[in-house]
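For the sequence shown, the positions run -20 to -1, 1 to 421 when mature numbering (1 follows the signal peptide of the UniProt record, and there is no 0) is used. All C-beta atoms in this analysis are idealised placements derived from N, C-alpha and C, irrespective of residue type, glycine included. Some notes on the structure that comes next.
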Amino acid sequence: LLMTLMILWCDTETIDVTHAILVVGVGKDLEVAKIEEELHSVRCWGRVRGTKPYSDGDGVLVLCECKEVIDPSLVPPEVRPNDGAIWKIITHAQQPTTSAPAEDFSVKLQRFLSSEGKTFADIQSMSSTDESVLRAMVDVVSRTTRSQTESHGYRRLRIFSGITPTPAGEETLEYWLEQATLMVQESELTEQEKRRRILEGLRGPALEIVKSLRLSKPRATAQEFLDAMDCAFGSAESAEDLYFSFRLIQQKSGEKLSDYVRRIEPFLAKVVKKGGVSANEKDKVRVEQLLRGAIDSDLMLLQLRLKERRSTPPNFLDLLSEIRTEEEYQQTRKKTQRLSSFPLDGDKSQSEQRTQEENQAMVGFHKTKTAASHSYKKRHSLPQLLHGISHHQNLYKRIKGALDALHKRMHIKRAVCFPFRADRLCIMHSLAAALLERLKD
C-alpha cells in the first residue's frame, strides 16, 4: 500500500520514483528543515518535496527527492532521530520490513558471497574434503549472523558538533573519538555501516567537515572520517610539545604513586599517537617519568628497583599491580606499628602508677575539703548567729562576740590553712561589723 501511494505521489509531483524515498512516521509539528537535518545526518537524501497525513498511524508521510538514483541495498530500513521516534524508509524496490517474507538461507549465502566477490566454487576449492567445506560454510554463516545481531544491538553514538563550548547534551571531541574509534576498530560491521553510524553522531560544523571529505574522496573510510575530526577539532600541539608537557607532570603532594601512574597514562597515550614516542619505547618512557616526577615516593621506588629495571621495564598493568601491592604492604605496616604503640595493663611504667596515685590523693583531698566546708556552714551560718535575739542589748553582745570569734578564726585560717574558704569569713565579718555599728547608734 505504501509503495503504491509513493508511486502515485511521485507521478503527481513529476518525480522519478528511482530518485525518491518515502519517510513514514514523522512528527506532525516537525519543521521541514529539521526533517532534512535528521535525514542528512544518515545520508544526503536531497530535499523534502511534500508531506501528507498518515491515516494508518501517528505522524505524517514525507516524500524526498534525491539527485542520484537511490540504491535500495544501501538504504537503512529506519532512521532514529534524537527524540526517540522511529522513521521507516521506503524506496521504489523495497517493502516495509514488517511485511517482508523471510529469505531462504541459500539466498542469504549467495548475497553474502556476491558482496565478498566469491562463489560456491571458491569455497569448495579451499579444501578437497567435505568436512572442510562444511566448516567454511559454518564460518560464513556465523559471521553473517554475528554481524546482523550486532547491528540490531547497536547503541548510537552521542552527538558531536564541534561547537565550543560544548552544548548541553553533546560530547567533547576526546570522549566522542574514543567511543567512535572503539566502534570502528572492534566491531565487525561493514565499512558502510560504520560510516553511517559515524554520520548519525555528527551535527553542525563537524558534519560539514565530513561532507567536504566525501566530496573530495567519495570512498573515504570510517577511520578517515575520525582522522578528519581529529585534524579539524583536535589539539594542534606537535609531538615534541606533547612530549615536553608530559615530562613536566609531577606527583602532587599527598598523591599516591598508583594515582600518579594512572594520571600520566592518558598523556603518554597522546604522545605515542602523535608520534613523539614509539610504541616499543612506551614502557621505558613511563618508568623514566616515574623516577623523575614521583617526588614523594622515593622509598617506594627503591623498593620496586625501577632504576635497575630500565632496560626491561614492566608494562602498564604489571607496573600498576606492583605499586598497589607495595602501597598495601606499607599501609599494613603503619597499622601494625600504631597498634603496638599502646602499652598493656601489666606493662605500665612507674611514672604512670605514681600519677594515678596522685590523682586519687587529690580526689580524697577535695572530698575532705568539701565536707569540712559544709560542716562549717551548718554550724556557723549568719541566721543561727542572730537566732534568739529578743532585745537590743542582748543583740549587741551576741554580735560583738561573733565578731571576735571571726577575728580568731581568720587568724587561725592563715596560720594552719584550715580547709574552708576565707572569703566566706570576710563576708560574715563585714556583716557583723556593720550591724554592730548600727546598734551603737
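- Residues of the same chain with a CB within less than 6 Å of the CB of Ala212, apart from the 5 flanking positions on each side, are Ile189 in chain order.
- Non-local C-beta neighbours of Arg183 in its own chain, meaning closer than 6 Å and more than five positions away in sequence, comprise Ile139 and Ser141, ordered along the chain.
- In the three-state reduction of the DSSP assignment, Val42 falls in the strand class, which pools E and B.
- When the five nearest sequence neighbours on each side are left out, the beta carbons in the same chain lying within less than 8 Å of the beta carbon of Val22 are those of Pro56, Val59, Arg176, Leu179 and Glu180, in order along the chain.
- Sorting Ile1, Gln165 and Glu(-8) by C-alpha distance to the C-alpha of Met(-18) places Ile1 at the top.
- Looking at the DSSP output, Ile70 bridges to Leu2.
- Annotated three-state conformation of Ile139 is strand, per DSSP.
- Residues Phe140, Gly142, Met209, Asp210, Phe213 and Gly214 of the same chain have their beta carbon placed closer than 8 Å to that of Leu153, with the five preceding and five following residues left out of the count.
- Where Lys197 is concerned, there is no enclosing alpha helix (DSSP H), because DSSP gives it neither an H nor an E.
- Secondary structure remark: continuous alpha helix (DSSP H) runs of at least 4 residues inside the segment 271 to 322, in chain order: 278 to 284 and 296 to 320.
- Distance from the CA of Arg304 to the CA of Phe247, rounded to the nearest whole angstrom, comes to 21 Å.
- Rounded to the nearest angstrom, the Cβ distance from Ile(-14) to Val(-4) is 6 Å, consistent with a contact under 8 Å.
- Here the C-alpha atom of Leu187 lies approximately 15 Å from the C-alpha atom of Trp25.
- Annotation for Val241: the continuous alpha helix (DSSP H) segment containing it runs Leu237 to Lys254.
- Taken atom to atom, the span from the alpha-carbon of Leu41 to that of Asp239 is near 56 Å.
- Assigned with DSSP and collapsed to three states, Leu179 falls in helix.
- Cβ contact annotation for Thr99 (same chain, cutoff 7 Å, sequence separation greater than five): Leu93, in chain order.
- Contact between the segment 306 to 319 and the segment 252 to 272 is not established, with fewer than three Cβ pairs separated by less than 8 Å.
- With contacts defined by Cβ atoms closer than 8 Å, Leu282 and Val241 do not form a contacting pair.
- Comparing alpha carbon positions, the residue from Glu45, Phe205 and Ala274 closest to Ser233 is Ala274.
- Note that the C-beta distance between Ile(-6) and Val6 is not below 8 Å.
- Between Lys254 and Leu222 a beta carbon distance of about 5 Å is seen, short of the 8 Å cut, so the two are scored as contacting.
- Taking the Cα positions, Met163 is about 32 Å away from His72.
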